[in-house]
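Enquirer:
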Amino acid sequence: AAHIIPHSEPDCPNTVSNGLALCIEHHRLYDDALLLPGPGYELVFNDERAEYLRQTGQGRGLNEIAENHGRKFHIPAQANCRPSDNYLRRGLEIRMGI
Numbered sequence: 508a509a510h511i512i513p514h515s516e517p518d519c520p521n522t523v524s525n526g527l528a529l530c531i532e533h534h535r536l537y538d539d540a541l542l543l544p545g546p547g548y549e550l551v552f553n554d555e556r557a558e559y560l561r562q563t564g565q566g567r568g569l570n571e572i573a574e575n576h577g578r579k580f581h582i583p584a585q586a587n588c589r590p591s592d593n594y595l596r597r598g599l600e601i602r603m604g605i
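Per this note's numbering, the sequence shown starts with residue 508, numbered consecutively.
Right, dumping it as C-alpha cells:
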C-alpha cells in the first residue's frame, strides 16, 4: 500500500482513505511521481517529470504511460474504503507542486 499524503507530511492521516493498493509497477510510477491518482479517481501524467526523464536518457516507455492520463482508476465498492478526493488533491499538490 502507498500513502496518498506521505508519512513525512505533518498532516498525514493514518486512515484507509489515505491509502492506495498498487501493484509493483504502478507503485514505482507513483513513487517516481510520473503517474499519479488525482481527484475524481482519474490518473494524472506528470509531464514535467517525464521531460526530466527524457532529458536524462530515461524516457523509454513514457508515451505508453502518458496514454493513461485522464483514465479512471478502480476504486473499492465500499465507500468507506475509497481514497479521499481531498487527500488525492493534496497528494498531487505535494508530488507535483501544484
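Every residue, glycine too, gets a C-beta built ideally from N, C-alpha and C.
Closest by CA to I512, which one among R535, C530, G545, H533?
Expert: Here residue 512 corresponds to residue number 5 of the sequence shown, with the count starting at 1. When each option's Cα is compared against that of I512, the closest is G545.
Enquirer: Measure the beta-carbon distance from L550 to N575 and round it to whole angstroms, keeping in mind my assumption that it falls under 8 Å.
Expert: One-based indexing of the sequence shown puts residue 550 at position 43. One-based indexing of the sequence shown puts residue 575 at position 68. Between N575 and L550 the Cβ distance is about 5 Å, and since that is below 8 Å, they are a contact.
Enquirer: Starting from G547, trace the beta strand (DSSP E) both ways and give me its first and last residue.
Expert: By one-based count along the sequence shown, residue 547 stands at place 40. It is not in any beta strand (DSSP E) - G547 carries neither H nor E in the DSSP assignment.
Enquirer: What residues match up with V551 in a beta bridge as DSSP calls it?
Expert: The sequence position of residue 551 within the sequence shown is 44, counting from 1. Paired residues: L543.
Enquirer: With a CB to CB cut of under 6 Å and the five nearest residues on each side skipped, what residues in its chain are close to A573?
Expert: Reading the sequence shown from its first residue, position 66 is the one you call residue 573. Once the five neighbours on either side are set aside, the close Cβ partners of A573 are F552.
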